[in-house]
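Q:
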Amino acid sequence: MPYSKEIGNLLLPPRIVEALKKELSKQTKLSQRDVYAVKQAVSQEVLPRSFITAYKLQLPECPPDLVIRKLSSGCPMLDQFLRGGLLMRGVTEIAGESASGKTQFCLQLSLQAQLPEYIGGLNAAVAYICTEDSFPSKRLQQLIQGIKKNKPHEASKINFSDQIYISQIGDVESMWKCVKVTLPNLLRLKKVKLIIIDSVAALFRCEYDLNQIAQRAHDLQTLGHLLHKIALDFGAVVICINQVSAVVDQGGRSNVQEKIVPSLGLAWSNLVTTRVMLSRTSYVYKETTTQLKVYLPVRKLQVLYAPNLPPNHTYFVVTPDCVRGISLDENCS
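Spelled out as structure tokens, the structure:
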């Protein structure tokens with residue numbers, strides 16, 4: 001049996017290769033040299049790339065599919081902490097107790113995603129899935145005014161409200177329909193690159209009894225795999241807000257204390273690519289305006305694990321205009 005011949009990275013028997021060359025030359029009247037050039041161009045475009053050097057990854061002409069893109073948080077200080085923003089790969093979880101700033105942070109991300117790519121946006125629309133409260137439209141309008149004031153050149157021509165597609169989900173069955181049918185259809189029709197679920201815990205903590213723990217774990221794994229597939233197929237950022245639970249941490253008989261951890265257990269944790277925890281602190285930030293002094297509660301943003309970040313934390317405040325990072329040395333008490 002004759003040896004196979006390589007076209008690009010694909011091995012074919014020589015008789016098939018020669019037959020393809022003759023047919024291409026016959027149908028197009030191209031010379032053998034031109035046929036060879038066409039073969040090389042097609043193989044490089046269609047076939048998977050082999051290896052690429054680390055040096056080439058840093059160059060501007062690096063293929064776009066090899067560049068790990070990030071979504072800016074909308075704040076330079078937070079972006080510096082996150083090394084450019086949130087990864088556009090996998091599933092990002094933002095967990096935290098009530099009033100820790102989870103929804104505020106996601107609303108800011110939903111505006112940032114619509115900005116041009118050169119300032120850390122995605123130049124795309126947003127899908128916002130609510131499972132707890134109704135969508136905070138009034139707060140969104142406040143943040144829109146803030147981003148138009150802080151970034152007038154980039155934000156002035158964007159109709160932010162018209163680029164956020166909202167779905168209200170009240171039960172697990174509706175969630176399956178959304179992630180299997182409605183959401184993929186929206187992504188095919190519209191340029192949506194950010195998906196926010198606020199929150200994933202609301203449904204899965206309420207609709208299962210104690211004797212349905214195994215079924216809940218199976219359903220959480222199914223949801224996680226579907227979200228990973230959506231992120232991969234459509235090149236979207238997927239963010240899931242999660243609640244927290246208190247567990248007893250027994251360091252010893254005389255050292256029993258509560259520990260706050262994200263909800264839904266290991267079945268969900270194993271599907272999360274990046275986990276960020278938000279929490280309240282006892283610090284107060286004093287912001288001085290032209291007319292008065294405003295005291296804002298300080299929150300903590302903590303990276304628990306991420307493929308591109310070490311465990312670390314920073315601090316931020318929620319102002320009427322935006323969510324922004326601060327230093328504890330800066331007007332804090």
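Just so we're aligned: the sequence shown equals residues 1 to 333 in UniProt numbering. Heads up, the beta-carbon is just placed ideally off N, CA and C, and yes, glycines get one too.
In three-state DSSP terms, what is Pro297?
A: To locate residue 297, count along the sequence shown from 1; it is residue 297. Three-state DSSP puts Pro297 in a strand.
Q: For a quick check, are the C-beta atoms of Val318 and Gln104 less than 8 Å apart?
A: Residue mapping note: residue 318 aligns to position 318 of the sequence shown, counting from 1. Residue mapping note: residue 104 aligns to position 104 of the sequence shown, counting from 1. It is a contact, given that the beta carbons lie within the stated cut-off.
Q: Closest to Phe160 by CA distance: which of Lys259, Gln243, Arg139 and Glu23 is it?
A: Your numbering for residue 160 matches position 160 in the sequence shown. Comparing Cα-Cα distances from Phe160 to each of Lys259, Gln243, Arg139 and Glu23, the minimum goes to Arg139.
Q: Given Leu107, which residues of its chain have a CB within under 6 Å of its CB, disregarding the five upstream and five downstream residues?
A: As a working mapping, residue 107 is identified with position 107 in the sequence shown. Answer for Leu107: Leu140 and Leu143, listed in chain order.
Q: When the Cα atoms are used, what is the spatial distance from residue 361 to Phe51?
A: Outside the displayed span of the chain (1 to 333) sits residue 361, for which this structure offers no information.
Q: Considering only C-alpha positions, which residue in the set Ile241, Thr314 and Lys70 is nearest to Leu115?
A: Your numbering for residue 115 matches position 115 in the sequence shown. It is Lys70 whose Cα lies nearest to the Cα of Leu115.
Q: Between Leu183 and Cys130, what straight-line distance do the alpha-carbon atoms span, to the nearest angstrom?
A: Counting from one through the sequence shown, the residue named residue 183 turns up at place 183. Counting from one through the sequence shown, the residue named residue 130 turns up at place 130. Roughly 13 Å between the two C-alpha positions.
Q: Can you tell me which of the three DSSP states Val67 falls into?
A: By one-based count along the sequence shown, residue 67 stands at place 67. DSSP places Val67 in coil when its eight states are reduced to three.
Q: Taking one C-beta from the stretch 227 to 237 and one from the stretch 184 to 202 each time, how about it: are there three or more such pairs within less than 8 Å?
A: These segments touch.
Q: Kindly list the residues whose CB is nearer than 8 Å to the CB of Ile326, restricted to its own chain and excluding five residues on each side of it in sequence; keep chain order.
A: Indexing the sequence shown from 1 puts residue 326 at position 326. Closer than 8 Å at Cβ, skipping near neighbours: Met77, Tyr285, Val298, Tyr315, Phe316, Val317 and Cys332.
Q: When the distance is taken between beta carbons, is Ser199 closer than 8 Å to Glu132?
A: As a position in the sequence shown, residue 132 is number 132, starting the count at 1. As a position in the sequence shown, residue 199 is number 199, starting the count at 1. Yes.
Q: To which residues does DSSP link Gln168 through a beta bridge?
A: Taking the first residue of the sequence shown as position 1, residue 168 is located at position 168. The partner list for Gln168 (beta bridge, DSSP) reads Cys130.
Q: Tell me the DSSP secondary structure of Glu97 in three-state form.
A: Position 97 of the sequence shown, counting from 1, holds the residue named residue 97. In the structure shown, Glu97 sits in coil (DSSP, three-state: anything other than H, G, I, E or B).
Q: Helix, strand or coil for Ala202 per DSSP?
A: The residue given as residue 202 occupies position 202 in the sequence shown. It is helical.
Q: Check whether the Cβ atoms of Thr273 and Thr92 sit closer than 8 Å, and answer yes or no.
A: For the purposes of this step, residue 273 is taken as the residue at position 273 of the sequence shown. For the purposes of this step, residue 92 is taken as the residue at position 92 of the sequence shown. Yes, these two residues count as a Cβ contact at 8 Å.
Q: Per DSSP, what kind of secondary structure is Phe316 in: helix, strand or coil?
A: As a working note, residue 316 is residue 316 in the sequence shown. It is a strand residue.
Q: Starting from Glu154, trace the beta strand (DSSP E) in both directions and tell me its first and last residue.
A: The residue labelled residue 154 in the question sits at position 154 within the sequence shown. No beta strand (DSSP E) holds Glu154; the alpha helix (DSSP H) holding it covers Pro152 to Ala155.
Q: In angstroms, rounded to a whole number, what distance separates the CA positions of Val126 and Ile230?
A: Counting from one through the sequence shown, the residue named residue 126 turns up at place 126. Counting from one through the sequence shown, the residue named residue 230 turns up at place 230. Rounded to the nearest angstrom, the two C-alpha atoms are 14 Å apart.
Q: Determine the DSSP secondary structure at Lys22, reduced to helix, strand or coil.
A: As a working note, residue 22 is residue 22 in the sequence shown. Here Lys22 sits in helix by DSSP.
Q: Out of curiosity, what's the CA-to-CA distance linking Val323 and Trp176?
A: Taking the sequence shown and counting its residues from 1, one reaches residue 323 at position 323. Taking the sequence shown and counting its residues from 1, one reaches residue 176 at position 176. Rounded to the nearest angstrom, the two C-alpha atoms are 32 Å apart.
Q: Under 8 Å between the Cβ atoms of Glu97 and Ile241?
A: Taking the first residue of the sequence shown as 1, we reach residue 97 at position 97. Taking the first residue of the sequence shown as 1, we reach residue 241 at position 241. No. Outside cutoff.
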